[in-house]
Amino acid sequence: MSGRRKFIKTAALGSVGLSTFSACATQAAEVLKTTADKTIKKPVIISTWNHGLAANQAAWDTLKNGESGLSAIETGLKISEADPKVRSVGYGGLPDREGKVTLDACIMDKNSDCGSVSFLQGIKHPISVARKVLEKTPHVMLTGKGALNFALSQGFKEENLLTPESEKAWKNWLEKSKYQPVINIENHDTISMLLVDSDGNLTGGCTTSGAAWKMHGRVGDSPIIGAGLFLDNEVGGAAATGLGEAVIRTAGSAMVVELMRQGKSPNEACKIIVERIYNKHKNHKDMPHLQVGFIAVNKQGEYGGYSLRSGFNFAVCDAKNGNRMEKPDFKMTWKD
Ligand code: SD4
Numbered sequence: 033m034s035g036r037r038k039f040i041k042t043a044a045l046g047s048v049g050l051s052t053f054s055a056c057a058t059q060a061a062e063v064l065k066t067t068a069d070k071t072i073k074k075p076v077i078i079s080t081w082n083h084g085l086a087a088n089q090a091a092w093d094t095l096k097n098g099e100s101g102l103s104a105i106e107t108g109l110k111i112s113e114a115d116p117k118v119r120s121v122g123y124g125g126l127p128d129r130e131g132k133v134t135l136d137a138c139i140m141d142k143n144s145d146c147g148s149v150s151f152l153q154g155i156k157h158p159i160s161v162a163r164k165v166l167e168k169t170p171h172v173m174l175t176g177k178g179a180l181n182f183a184l185s186q187g188f189k190e191e192n193l194l195t196p197e198s199e200k201a202w203k204n205w206l207e208k209s210k211y212q213p214v215i216n217i218e219n220h221d222t223i224s225m226l227l228v229d230s231d232g233n234l235t236g237g238c239t240t241s242g243a244a245w246k247m248h249g250r251v252g253d254s255p256i257i258g259a260g261l262f263l264d265n266e267v268g269g270a271a272a273t274g275l276g277e278a279v280i281r282t283a284g285s286a287m288v289v290e291l292m293r294q295g296k297s298p299n300e301a302c303k304i305i306v307e308r309i310y311n312k313h314k315n316h317k318d319m320p321h322l323q324v325g326f327i328a329v330n331k332q333g334e335y336g337g338y339s340l341r342s343g344f345n346f347a348v349c350d351a352k353n354g355n356r357m358e359k360p361d362f363k364m365t366w367k368d
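Read in order, the letters of the sequence shown are residues 33 to 368 in this note's numbering.
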């Protein structure tokens, strides 16, 4: 029996999927290969990397309580932001080359309303500030000191986000100070999350401390609507992880959504955009350390992903199969 069939059978024997919200039991033992699975049942929540499992679970429980997609995304992403062991998001995130933890985040809903913060320092939950930008301001994006002042005005508390472990890692890096932003070397990274609820309505979010050892002031793709995250409630949503510069250059997530609008499946759409990024970068100075990965979901709840290089995975939770890790296809390995 194939791994996937065995998994589905095991899940069916348990209580997973008996009703829309009966469970999102975590099935982490086996990392499945992503296939287009037409039998998944909405709601579907999909998040980048291993830390997506815990985030999915929290988002699922929030939806189950009858709360909005925005609340589910915010609650889910806050789990990674608060976890000091996740060294690429929020508290405990690796700092820039000056030892400062600077954060980027955005959130978008089914009405195409969105909120975003970039280059935000000292606030543990940038995703919550991004949501406040969406709900309380006439704008989409606040940055730096302005974003911090807005957060403080909304009752957020300023705190030190540099943990002793991240400070130590920075000091080690300082010894050589080799300037190369580090992305996706470890198997936990920026968290992007997409959600399609039982009515087919989409919400998405993304939060990160960005590339480790980046220049002070650098902003990646993650808070940029259309680059790190995009959705159109008529079609579907997409989100990115990897070298933000490459994703910005190609308007990555917006392009994935446009391909789904033209009839491509989420898997196909992610693959086409990764191929495009490869073609634009194959002779570029970024190529040796380039990694990008996309996740996508359409209104029907079909989901997919694809990455340039091996190593990318995502967590997906649906009402039929529970919460599990999946490994999408990729174009090449790091040795190629
Ligand atoms: C950035 N895209 O700041 C983010 C980093 C990331 O997986 O996604 N890493 O460029």
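Beta carbons: idealized from backbone N, C-alpha and C, even for Gly. Model, not experiment: these values are computed from the prediction.
query, result
"Less than 7 angstroms separating the beta-carbons of C146 and I327?", "no"
"Can the beta-carbon of L109 be found closer than 7 angstroms to that of A347?", "no"
"Going by alpha carbons, who is nearest to C56 out of A87, W81, T80, H157?", "A87"
"Could you check where the beta strand (DSSP E) with D136 kicks off and where it finishes?", "135–140"
"Is there at least one non-hydrogen atom of ligand 1 closer than 6 angstroms to the beta-carbon of G274?", "yes"
"Compute the beta-carbon to beta-carbon distance between F362 and Y338, rounded to the nearest angstrom, for a pair I have assumed lies under 8 angstroms.", "7 angstroms"
"Can we count T240 as close to ligand 1, meaning its CB is less than 6 angstroms from some heavy atom?", "yes"
"Among all the DSSP beta bridges, which residues are the ones paired with V251?", "According to DSSP, which records beta bridges pairwise, V251 is partnered with nothing at all."
"Assign I77 to one of three DSSP states: helix, strand, or coil.", "strand"
"Quick check on K359: does DSSP put it in helix, strand or coil?", "strand"
"Is it buried or exposed, K367, if we count other Cβ atoms within 10 angstroms and call 16 or more buried?", "exposed"
"Closer than 8 angstroms by C-beta to K331: which residues in its own chain qualify, once you throw out the five before and the five after it? Chain order, please.", "V228, G232, L234, N265, E266, V267, G268"
"Got a sec? Which residues, its chain only, sit under 8 angstroms from L291 by beta carbon, not counting five neighbours each side?", "E300, A301, I304, I305"
"Looking at C-alpha atoms only, which residue of H83, E207, M173 is the closest neighbour of M140?", "M173"
"Which residue wins for smallest C-alpha separation from A137, given the options T195, A259, Q294?", "A259"
"Among residues of its own chain, excluding the 5 on either side of I309, which ones have a beta-carbon nearer than 6 angstroms to its beta-carbon?", "A278, T282, V324"
"Below 8 angstroms on the Cβ atoms is my contact criterion, and I expect V76 with G333 to pass it. Report the Cβ-Cβ distance as a whole number of Å.", "4 angstroms"
"Within this structure, are the beta carbons of S297 and G125 separated by less than 7 angstroms?", "no"
"Please list the segments of the alpha helix (DSSP H) lying wholly inside the stretch 118–190, counting only runs of 4 or more residues, in order along the chain.", "158–168, 176–185"
"Going by beta-carbon coordinates alone, are S254 and A270 separated by less than 7 angstroms?", "no"
"A243: beta carbon under 6 angstroms from a heavy atom of ligand 1?", "yes"
"Which same chain residues end up closer than 6 angstroms to A183 when comparing Cβ atoms and leaving out the 5 residues on each side of it in sequence?", "I155, V161"
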